[in-house]
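Heads up, the thing below is written out as structure tokens.
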Amino acid sequence: MFLSVFDMFKVGVGPSSSHTMGPMVAGARFLELLRASPFHPRGLRASLHGSLAFTGVGHATDRATILGLAGFEPATYDAEKAEATLAAIKATGSITPPGLPELHFDPSADLLFDYGPALPGHANGMILKATDAQGDVILEETYYSIGGGFVLTAGEMAEAGGSKAKARADVPYPFDSADEMMAMAKASGLSIAQMKRANELKFRSASDLDRGMERIWQVMNDCITRGMAGTGILPGGLKVRRRAKGIHDALIAERGLNMTAPHTINDWMSLYAMAVNEENAAGGQVVTAPTNGAAGVVPAVIRYWLDHVPGASASRVGEFLLTASAIGGLVKHNASISGAECGCQAEVGSAAAMAAAGLAAVLGGTVEQVENAAEIALEHHLGMTCDPVKGLVQVPCIERNGLGAIKAVSAASLALRGDGIHLVSLDVCIETMRQTGRDMHEKYKETSLGGLAVNVPNC
């Protein structure tokens with residue numbers, strides 16, 4: 001199994017990788033299908049199902065679907081152009097995608113939120129259709145947004161045998177499990193990052209790999225910086241105010257004071273993570289890590305390491321990302337990174353495992369200690385539900401990323417204090433997370449039908 005570091009870390013747009021980026025990607029894929037078809041389309045329709053319907057407005061799924069059908073893609077998203085395009089579509093009732101004629105599309109009539117049963121393949125399903133001049137459907141495709149910005153058609157889902165993104169095995173170290181990863185490391189004498197790097201070099205040059213990872217970290221770090229400077233109220237109606245700047249200003253003011261408590265370091269970790277997720281909630285540019293809802297954990301831990309740990313060096317960020325992506329790939333391949341499928345344990349839990357492994361690696365941990373760090377972090381997120389208030393990626397998501405970063409650092413520290421021998425393996429923990437997600441009630445899996453979403457006034 002091989003999922004690239006650039007599969008696990010993708011530059012995109014907030015607030016959700018599965019509910020915003022995924023539908024936008026699906027729209028772009030449908031346009032490709034339409035351009036290649038022999039038909040002469042005159043209109044478009046879309047329907048959202050399952051979690052995409054229940055929390056779609058809060059996650060901007062409607063906007064993302066329309067923009068995807070207009071030719072927008074997450075990696076090149078232009079917010080100003082998007083707003084102008086949405087206004088024009090609403091005013092004219094038509095979309096003119098690149099390479100296609102003007103197509104009828106009235107958002108109020110042609111975009112349906114279906115609150116009935118979810119589609120059979122995944123909780124995040126959508127159907128896109130093209131119609132002729134009489135309004136008859138001439139082309140139709142079902143897409144599933146399976147988390148982290150990954151999108152599969154119904155056919156691809158069936159071929160894969162479940163909600164797994166396509167993964168390649170023609171690499172030097174194609175491990176499918178943590179046990180296989182550990183055995184390959186022992187046999188080769190390589191670290192997880194070194195094996196992962198060798199796999200990546202099968203498909204790209206060393207310079208392209210390094211530049212790509214530098215770009216990933218740059219976008220992550222820029223997101224932290226913007227988040228720490230941002231002010232005001234987050235969109236969506238909950239009236240949640242940005243807090244990162246106030247926390248940052250207070251921490252700076254306290255620097256050098258003898259009375260500062262040691263646990264204040266936790267506030268720095270939370271600050272970095274919350275800054276990212278406030279940017280995500282505002283629809284800004286973020287990196288899936290492995291999802292948008294959990295986008296703050298990995299960059300927060302990297303920034304904590306660089307800013308607060310003696311001996312840290314930016315030259316090793318690539319090693320951190322490679323290690324983290326190997327762990328994220330295992331979770332995705334063997335369970336899920338989708339909150340709609342397995343709850344928040346699959347999002348912030350996976351992110352914490354990735355961050356803990358990355359930190360343990362750059363702090364000099366053995367392969368056994370790195371695997372132990374990932375397991376500890378994931379184990380102590382098991383059972384965590386996804387119940388966003390009003391379907392927005394704000395409460396409890398923003399603070400939850402801060403606590404996920406703190407848990408990740410604690411997990412790495414605990415693992416480094418031991419010899420890597422532990423009772424629960426990472427594979428067992430991942431399988432337990434999968435089973436827990438399967439058994440979890442649907443109202444706790446990103447539908448906003450239970451938990452905080454119904455017990456907190458949200459209007």
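1 is the number of the first residue of the sequence shown in full-length UniProt numbering; add one for each residue after it. We put the CB at the ideal spot given by N, CA and C, even for glycine.
query: V393: buried (16+ other C-beta within 10 angstroms of its C-beta) or exposed?
result: V393 is buried by the Cβ-count criterion.
message: Among the candidates A183, A408, A198, whose CA atom is the shortest distance from the CA of residue 497?
response: For the chain, the structure presents residues 1 to 459; residue 497 sits outside this window and is missing.
- request: Closer than 7 Å by C-beta to A60: which residues in its own chain qualify, once you throw out the five before and the five after it? Chain order, please.
  value: Within its own chain, the residues whose Cβ lies closer than 7 Å to the Cβ of A60, once the five positions on either side in sequence are excluded, are P15, T20, G283, listed in chain order.
field: Nearest-angstrom beta carbon gap, Q285 and V389 [assumed within contact, 8 Å]
entry: With 8 Å as the limit, V389 and Q285 do not qualify as a contact, their Cβ atoms being about 24 Å apart.
message: Using only CA atoms, which one of I138, L119, A187, G135 lies nearest to A154?
response: Measuring C-alpha to C-alpha distances from A154 to each of I138, L119, A187, G135 identifies L119 as the nearest.
query: What is the DSSP secondary structure of V171, reduced to helix, strand or coil?
result: V171: coil per DSSP, three-state reduction.
task: Quick one: residues in its chain with C-beta nearer than 7 Å to the C-beta of N280, no 5 flanking neighbours on either side, listed in chain order?
output: Closer than 7 Å at Cβ, skipping near neighbours: G14, P15, V286, N292, A295, V393.
Exposure of Q345, with buried meaning 16 or more beta-carbon neighbours within 10 Å: Buried, because 16 or more other Cβ atoms sit within 10 Å of the Cβ of Q345.
Y77 - DSSP class collapsed to helix/strand/coil: The answer is coil: DSSP assigns Y77 none of H, G, I, E or B.
task: From the DSSP output, in three-state form, read off I138 for me.
output: It is a strand residue.
field: DSSP three-state assignment for N258, whether helix, strand or coil
entry: Reduced to three states, the DSSP call for N258 is coil.
message: According to DSSP, simplified to helix, strand and coil, what is M274?
response: DSSP places M274 in helix when its eight states are reduced to three.
field: Limits of the unbroken alpha helix (DSSP H) element including Q218
entry: Per DSSP, the unbroken alpha helix (DSSP H) holding Q218 starts and ends at 206-229.
task: Figure out for me which residue from A289, H263, T260, P262 has the closest Cα to the Cα of A273.
output: Ranking A289, H263, T260, P262 by Cα distance to A273 puts A289 first.
message: I need the straight-line Cα distance from L449 to L34, nearest angstrom please.
response: Near 36 Å, if we compare the C-alpha coordinates of L34 and L449.
message: Can you check which of these residues, I337, Y444, E341, is closest to V348 by C-alpha distance?
response: Relative to the Cα of V348, the nearest Cα in the group I337, Y444, E341 belongs to I337.
- prompt: If we ignore side chains and look at the alpha-carbon of each, how far apart do I430 and G125 end up?
  reply: When only Cα atoms are considered, I430 and G125 end up about 24 Å apart.
- prompt: Taking three-plus beta-carbon pairs below 8 Å as touching, is the stretch 195-204 in contact with the stretch 320-337?
  reply: A contact between stretches requires three or more CB pairs, one per stretch, nearer than 8 Å, and the stretch 195-204 meets this requirement with the stretch 320-337.
- prompt: What three-state label does DSSP hand V13 in the structure shown?
  reply: Reduced to three states, the DSSP call for V13 is strand.
query: From I192 to C342, what does the alpha carbon distance come to, in whole angstroms?
result: Spanning the two alpha carbons is a distance of roughly 26 Å.
- prompt: In whole angstroms, what is the alpha-carbon distance linking R29 and V57?
  reply: Roughly 22 Å separates the two Cα atoms.
Endpoints, the beta strand (DSSP E) within which D114 is located: Run containing D114: 111-114, per the beta strand (DSSP E) assignment.
- request: Please state if the CB of A356 and the CB of A411 are separated by a distance shorter than 8 Å.
  value: When the beta-carbon positions are compared, A411 and A356 come within less than 8 Å of each other.
Bridge partners - S47, DSSP secondary structure assignment: DSSP, once it has assigned bridges, lists L112, I127 as partnering S47.
Inter-residue spacing [alpha-carbon to alpha-carbon] between H380 and V424: Distance between the alpha carbons of H380 and V424 is about 12 Å.
field: the stretch 205-220 in contact with the stretch 255-268 per 3-pair CB rule at 8 Å
entry: Below 8 Å, too few C-beta pairs join the stretch 205-220 and the stretch 255-268 to call them touching: fewer than three.
- request: Would you be able to state if there are at least three C-beta pairs under 8 Å between the stretch 42-54 and the stretch 2-11?
  value: As far as the Cβ criterion goes, the stretch 2-11 does not touch the stretch 42-54, which means the pair count is below three.
- request: Count the other CB atoms, across all protein chains shown, that sit within 10 Å of the CB of P101; report buried if there are 16 or more and exposed otherwise.
  value: It is exposed - the Cβ of P101 has fewer than 16 other Cβ atoms within 10 Å.
message: Whole angstroms are fine: how far does the CA of A91 sit from the CA of P97?
response: Between P97 and A91, the C-alpha separation is close to 16 Å.
field: Cβ-based neighbour list, A374, same chain, cut-off 6 Å, excluding 5 preceding and 5 following
entry: Excluding sequence neighbours, A374 sits near I327, A353, A356, A357, L426.
- prompt: Any heavy atom of the ligand HEM closer than 7 Å to the CB of P97?
  reply: Ligands displayed in this structure: none; no statement on the ligand HEM is therefore possible.
- prompt: Comparing alpha-carbon positions, which option in E446, G364, G391 lies nearest G418?
  reply: The closest CA to that of G418, considering only E446, G364, G391, is found on G364.
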